[in-house]
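S.K.: Counted from 1, the sequence shown has number 258 at position 247 by our numbering; the numbering is strictly sequential. The C-beta atom is built at its ideal place from N, Cα and C for all residues, glycine as well.
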Amino acid sequence: MERTGKVVVEKVGGKSTVTRCFSKYPLKFIVPSKAGPCKTDSVWIYSLTYGGGIVSGDSISCEFEIGDGCTTVFTTQASTKVYKSVGSRCSAQFLEVTVGSDALLAILPDPVTCFSTARYSQKQVFRVLLDSNLVIVDWFTSGRHESGEKWDFDLYKSTNNIFLDDNQPLFLDTVLLEQQSISPITERMRGYQVIAMIILLGPKLKHIQSEVQENVKRMMSEQLHIPFTGLSGCAQSNSRHFTKPSFIASCSVFGPKP
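(1) Would Asn178 be called buried (16 or more neighbouring beta carbons within 10 Å of its own) or exposed?
(2) Per DSSP, Trp150 forms a beta bridge with which residues?
(3) Would you mind stating whether Thr128 and Thr91 have Cβ atoms separated by less than 9 Å?
(4) Go to Glu225, then tell me how far its alpha helix (DSSP H) extends in each direction, as first and last residue.
(5) Roughly how many angstroms lie between the CA atoms of Leu216 and Gly98, to the nearest whole one?
(6) Do you know whose CA, among Ser257, Val93, Val136, lies nearest Gly202's CA?
(7) From Gly241 to Glu160, what does the alpha carbon distance come to, in whole angstroms?
(8) Leaving aside the five residues before and after Ile259 along the sequence, list all residues of the same chain whose C-beta is less than 8 Å from its C-beta, in chain order.
(9) Of the residues Asp69, Phe85, Thr124, which one's Cα is nearest the Cα of Gln104?
(10) Taking the alpha carbon of Phe75 as the reference point, which residue from Gln190, Lys17, Tyr36, His156 has its own alpha carbon closest?
(11) Please state the DSSP three-state secondary structure of Ile259.
(12) Might you give, ordered along the chain, the residues of its own chain that have their beta carbon closer than 6 Å to the beta carbon of Ala207, omitting 5 neighbours on each side?
(13) By how many angstroms is the C-alpha of Asp113 removed from the C-alpha of Phe239?
(14) Reducing DSSP to helix, strand and coil, say where Glu189 ends up.
(15) Which of helix, strand or coil does DSSP assign to Thr83?
(16) Alpha carbon to alpha carbon, what distance is there between Glu13 and Asn226?
(17) DSSP on Gly64, reduced to helix/strand/coil?
(18) Taking 9 Å as the cut-off, decide whether the C-beta atoms of Tyr36 and Ser67 are in contact.
(19) DSSP on Ser34, reduced to helix/strand/coil?
(20) Measuring alpha carbon to alpha carbon, tell me which of Glu157, Thr83, Ser102 ends up nearest Asn144.
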């Protein structure tokens, strides 16, 4: 797939600096001179598409190189809209990233919103070192609520792969929702409107990882609490009293042990 964008971030004069930034239709990068606290050594990169979304059949392919010790935030200006498909044509995005030693990259986009009948596939491949740091937020909504569209797209596929520098697989994940299945997507989603995944990797994020794990355990213990009624000192559960939680979260640990 032909590259439609490339960004290189390196240390220049002791500061994280974009030394190369290339993009072409339908992609555009914006690198503001000032973003975040003034004393923070970080580069912010905003991605946008002409027309405000991805048209059926569009293919976007980007490459990022984050140099040693650099800090970079990659985000968007609004949700990524995927327009209705024309026939069976699929819209696609591919991102390949290399994160250097002691570097930090945060992928913090707005959610993907697929229109009715849209077909969308994205793949993100990250190559890291043992002391690289990575934050990935990958999420999508059920569609355009204001137009009455909920889980009305035909296909959504998102793949995130993380490899160590020796090409050793560290994290392999794919989310796939397809309308042509046993039951409609909306039925399988049980009324939930958003699916999100957050990945926290690297020594700089250890304290956040521990905090997130504890918060998820606490929140889900509250969300999944089933009322009990005592009878002669014995607790009995009644499934009729069970209320569907407003959200469901889980937390898992992966990667080499320190």
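M.R.: Walking through what the data contain:
(1) exposed
(2) Answer is Ala207.
(3) no
(4) In the DSSP assignment, Glu225 falls within the unbroken alpha helix (DSSP H) covering 217 to 234.
(5) 44 Å
(6) Answer by Cα proximity: Ser257.
(7) Because the pLDDT of Gly241 is 39, which lies under 50, any placement of that residue in the model is unreliable, and the question is left without a value.
(8) Tyr203, Met231, Gln234
(9) Asp69
(10) Lys17
(11) In the three-state DSSP reduction, Ile259 falls in the coil class, being neither helix nor strand.
(12) Trp150
(13) Low confidence applies to Phe239: its pLDDT is 38, below 50, so where it sits in the model is not reliable enough to give any reading.
(14) strand
(15) strand
(16) Take the alpha-carbon of Asn226 and the one of Glu13: they are about 42 Å apart.
(17) strand
(18) The beta carbons of Tyr36 and Ser67 sit no closer together than 9 Å.
(19) strand
(20) Measuring C-alpha to C-alpha distances from Asn144 to each of Glu157, Thr83, Ser102 identifies Thr83 as the nearest.
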